[in-house]
């Protein structure tokens with residue numbers, strides 16, 4: 010099963026994807042973590058990625074697709090995977106769909122986590138990552154609003170979007186996600 014988590018920074022995509030990884034027995038691919046790993050590799054590609062990350066900007070589509078395509082080509086993704094933080098734009102989603110089609114795969118579900126902006130600011134300020142200062146947080150939320158929100162319409166049009174309330178405890182949110190996943194698995198089998 011191939012699932013993408015969509016939601017603003019701090020919505021809980023990574024937290025919930027890690028939990029769902031156990032439920033579905035497929036790898037969780039955090040593209041933020043993947044990009045930070047590429048950045049730390051000290052390669053030309055890593056230096057390019059790092060420049061965008063330090064400014065709180067999206068990594069350009071061509072670089073992001075290249076990195077993601079390399080990752081999903083690994084054997085542990087044979088039976089599917091969970092993405093959080095990718096795709097971030099409709100253009101990336103279209104390129105990702107093409108990439109999956111070339112590998113004779115398709116996306117099963119796009120899970121959109123909804124959380125209010127004040128709650129997001131509070132969550133992000135509390136987690137203490139080096140790129141979570143107030144100015145960068147505000148920029149990242151603005152980037153999400155302008156670049157990533159249109160993905161919801163794209164995936165809704167494809168009939169694979171599921172909106173999930175991302176507020177409440179981790180357990181409450183996970184139960185909502187499991188209901189959607191289990192319903193989707195039942196419908197596709």
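Numbering (my numbering), first residue to last: 10 to 198. Backbone N, C-alpha and C fix where the C-beta goes; we use that ideal spot for every residue, glycine too.
Handout entry: Local conformation of residue 172 per DSSP, three classes
Key = strand
Practice task
Report yes if the C-beta distance between residue 150 and residue 17 is below 9 Å; otherwise report no.
Solution key: Annotated as proximal: residue 150 and residue 17, with beta-carbon spacing under 9 Å.
Problem - Selected residue, minimal CA-CA separation from residue 88, among 53, 188, 189, 109 - result: 109
Handout entry: Inter-residue spacing [alpha-carbon to alpha-carbon] between residue 163 and residue 45
Key = Their backbone Cα atoms lie some 27 Å apart in a straight line.
Exercise for the section: Assign residue 20 to one of three DSSP states: helix, strand, or coil. Expected result: Secondary structure at residue 20: coil, using DSSP grouped into helix, strand and coil.
Problem - Cut-off 6 Å between Cβ atoms - residues of its own chain near residue 93, not counting five sequence neighbours on either side - result: Excluding sequence neighbours, residue 93 sits near 14, 22, 23, 26, 39.
Problem - Paired residues, beta bridge with residue 92 - DSSP - result: 13, 38
Handout entry: Close beta carbons around residue 98, own chain, < 8 Å, minus the five adjacent residues each side
Key = 67, 70, 156, 157, 159, 160
Practice task
Give the straight-line distance between the Cα atoms of residue 131 and residue 143, rounded to the nearest whole angstrom.
Solution key: 10 Å
Problem - Residues bridged to residue 120 [DSSP beta-bridge criterion] - result: 14, 171
Problem - Local Cβ density within 10 Å of residue 126, reported as buried at 16 or more and exposed below that - result: Exposed: under 16 other Cβ atoms inside 10 Å.
Practice task
If I'm right that residue 183 touches residue 28 with Cβ under 8 Å, what's the distance once you round it to whole angstroms?
Solution key: 5 Å
Problem - Rounded straight-line distance, which links the Cα of residue 195 to that of residue 78 - result: 29 Å
Exercise for the section: Under 8 Å by Cβ, that's how I've got residue 5 and residue 76 pegged, so tell me the actual separation to the nearest angstrom. Expected result: Residue 5 lies beyond the residue range present for the chain, which begins at 10 and ends at 198; the question has no answer from this structure.
Handout entry: 9 Å Cβ cutoff met for residue 59 and residue 146
Key = no
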